[in-house]
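With this note's numbering applied, the sequence shown corresponds to residues 36 to 351, in that order.
Just so you know, even glycine gets a beta-carbon here, dropped at the ideal spot from N, CA and C.
It should be emphasised that the depicted structure is a prediction, and the values quoted were computed from it without experimental measurement.
Here the structure is laid out as structure tokens; the discussion comes afterwards.
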Amino acid sequence: MSIFNPTHHYISITAFYALSLTEYDMHAHAHASCEIMYVTKGKCHIYVNHEKHCLEERQFIFLDGEVPHRLWVPKGSPCSLLNLEFCCQKEKTTLDLLEPRRESASFDRFCRSKKAIWVTNDTGNLGYSLKDLISQLEQKIPYSKDVHMSRKYTAPDADYLIRLLFFRTMLELSHCLLENTGATGAVYLKKATSYISAHLTEDIRIPELAAFAGINKSYLQSLFHRHMHCTITDYVNRKRLEQAAFLLTNSSLSVTDIAFHAGYNSRQHFGSTFEKYYGTNPRAYRQLHEKKMETSTGHGQYTIREDGTWDTEPLE
């Protein structure tokens, strides 16, 4: 059930793993449990509602219950993952989400967000929290014929430790999610847009742009989509066209020169892209909007007299 349903605030942990996958192709599926998938090394692809998310190191996805999804690790591109699944229910357990909600303002805000899909960076210690929790859960599994290895001794207070580690994981989760939707995301966007403005005439590559901003490219793409309502490529093209429009109306440069000044290598490509965006070709746009330098003093020249008054005479 959904973590956002206030009547289902007791938790049962239903699945977990810490694996290194060399290749994996999961069928699209959905389940009642909420899920966290966290990349510790490499990268993977997760499809959610027909949308593809590429997760890289220290990036994760949170899925609410019943969200259809599919995990794909392509051959030749190994990925190490931490995974935790837990079900929210009415039946009482030792894990009660009301406890962290009462103590943590950020977790309470997360529980009120009702956002079923989150993809972002680990800006705190979520990875370490998940690793510690999964390690403790693994130790608690009793020996059975299906488990071909002995387990470490389980301390009497193991359940209490798991409870603490789970709550810690929830707090780290909410801190990452809420922090990355606020000021931190704005800082990354500002750095990226500043870089774009300074390098409009160059070939702007998304990996280099993300490295300059200090985040991975998937997270940067999600920030542009969320806050700028466009892709990075669309934003770059828009800024180039705005620069071209400014030069058309405020300079005497030729259309070809303006195309190169705006970062286009082909006048034809520039012309077709400009017309698609502005509804007219560059030459017609210039004729419509250019600011002409009209002469305003006729044929004369103004000169100042010794008494401070102005005189005009033909310019020789």
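(request) Could you give the DSSP three-state label for Ser37: helix, strand or coil? (result) coil
(request) Give me the Cα-Cα distance between Arg186 and Ile48, rounded to the nearest whole angstrom. (result) Reliability of the predicted coordinates at Arg186 is poor, the pLDDT of 46 falling under 50, and the value obtained from them is presented with this limitation in mind. If you take the alpha carbons of Arg186 and Ile48, they lie about 19 Å apart.
(message) Could you compute how far the alpha carbon of Tyr82 sits from the alpha carbon of Ala319?
(response) Taking the straight line from one Cα to the other gives about 45 Å.
(request) Quick one: give me the first and last residue of the alpha helix (DSSP H) that Gly306 is part of. (result) 302-313
(message) Which residue wins for smallest C-alpha separation from Thr158, given the options Ser301, Gly249, Asp269, Cys146?
(response) Gly249
(request) Going by CA-CA distance only, name the one from Glu138, Arg275, Gly100 that's closest to Trp153. (result) Gly100
(message) Pairs of beta-carbons, one from the region 88-106 and one from the region 251-259, closer than 8 Å: are there three or more?
(response) yes
(request) Label Asn285 either buried or exposed according to how many other C-beta atoms from any shown protein chain fall within 10 Å of its C-beta, with 16 as the threshold for buried. (result) Its Cβ having fewer than 16 others within 10 Å, Asn285 is exposed.
(request) State the DSSP-derived secondary structure class of Lys110, mapped to helix, strand or coil. (result) coil
(request) Kindly indicate which three-state DSSP category Ile197 falls into: helix, strand or coil? (result) Helix, per DSSP.
(request) Name the residue from Phe121, Thr155, Val290 whose alpha carbon lies nearest to the alpha carbon of Leu172. (result) Phe121
(message) In the DSSP output, what is Phe95 paired with across the bridge?
(response) Tyr73, Thr155
(message) Using 8 Å as the cut-off, can you tell me whether the region 304-320 makes contact with the region 267-287, which would need three or more C-beta pairs spanning the two stretches below that distance?
(response) yes
(request) Give me whichever residues DSSP pairs with Glu120 in a beta bridge. (result) Answer is Ala50, Glu70, bridged to Glu120.
(request) Would you mind stating whether Asp131 and Tyr45 have Cβ atoms separated by less than 8 Å? (result) yes
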